[in-house]
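Here the structure is laid out as structure tokens; the discussion comes afterwards.
Residue numbers (the working numbering): -14 to 198.
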């Protein structure tokens, strides 16, 4: 009987034990102020296809390379949505707010007919943490392959106007997980502006040679 009561007391104690786990924190990409002023508006529409990611970085969890030796996958720090949607929506929103195309910047679900198509593939999207190795900088690194396609007049075919890899490193103030998203926001904002500048040049060149024909 005493053993039975002791067992119940132990069971009760085990059941009452409560483990408090940290709450999962979700982050998004924030728009940084553009460095460009008086951006010209292109008289057309731009279709932005859903960005794709390399398989090893296609996750909603933050990833960090610690001291250039091991990859840390954060469980309690995540993006608010899958990275493909997050990045695609970021680009669409930024270019629309900048009024870059008169007929708008749209996604694949839109019925707007666009003469220009933007495709992007994220090659690298990784934070770097310095913990023991002081030669390693706390930063993020972003690398994107971009392709801009333009429709050929009087044809259903397209031609490649841009095929280029864009890369950016952005410093972080520390090696904490909370500094990752703000640094990626700066990196994406900067590269988006750089890509836009090349888009405008490529389209202007295409229109110039079209008028020459």
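All C-beta atoms in this analysis are idealised placements derived from N, C-alpha and C, irrespective of residue type, glycine included.
Residues in its own chain within less than 6 Å of residue i by CB, not counting five upstream and five downstream?
i           : result
residue 60  : none
residue 111 : 48, 50, 126
residue 152 : 128
residue 84  : 26
By DSSP's criteria, residue i is part of a beta bridge. Which residues make up the other side?
i           : result
residue 148 : 132
residue 47  : The partner list for residue 47 (beta bridge, DSSP) is empty, contrary to what the question assumes.
residue 56  : 50
Quick check: is any heavy atom of the ligand NAD less than 7 Å from the C-beta of residue i?
i         : result
residue 8 : Among the components modelled here there is no ligand, and therefore nothing to report on the ligand NAD.
So, is residue i buried or exposed, given that buried needs 16 or more other C-beta atoms within 10 angstroms?
i           : result
residue 33  : buried
residue 139 : exposed
residue 96  : exposed
Taking the beta strand (DSSP E) that residue i belongs to, which residues open and close that run?
i           : result
residue 11  : 10 to 12
residue 120 : From DSSP, residue 120 is part of no beta strand (DSSP E); its letter is neither H nor E.
residue 114 : 101 to 114
residue 32  : 31 to 33
Apart from the five residues just before and just after residue i, which ones in its own chain have a Cβ nearer than 8 Å to its Cβ?
i           : result
residue 16  : 75, 78, 79, 82, 170, 174
residue 63  : 9, 10, 11, 12, 45, 46, 47
residue 182 : 21
How far does the alpha helix (DSSP H) with residue i in it reach, from first residue to last?
i          : result
residue 82 : 68 to 82
Next on the checklist: Closer than 8 Å is the cut-off here; do at least three beta carbon pairs connect the stretch 64 to 74 with the stretch 34 to 52?
Outcome noted: yes
Checklist entry - Can at least three beta-carbon pairs, one atom from the stretch 146 to 165 and one from the stretch 122 to 132, be found at a separation below 8 Å? => result yes
Next on the checklist: Assess contact between the stretch 124 to 144 and the stretch 79 to 96, defined as three or more Cβ pairs (one per stretch) separated by less than 8 Å. Is contact present?
Outcome noted: no
Checklist entry - Counting pairs of Cβ atoms below 8 Å between the stretch 93 to 112 and the stretch 24 to 31, do you hit three or more? => result yes
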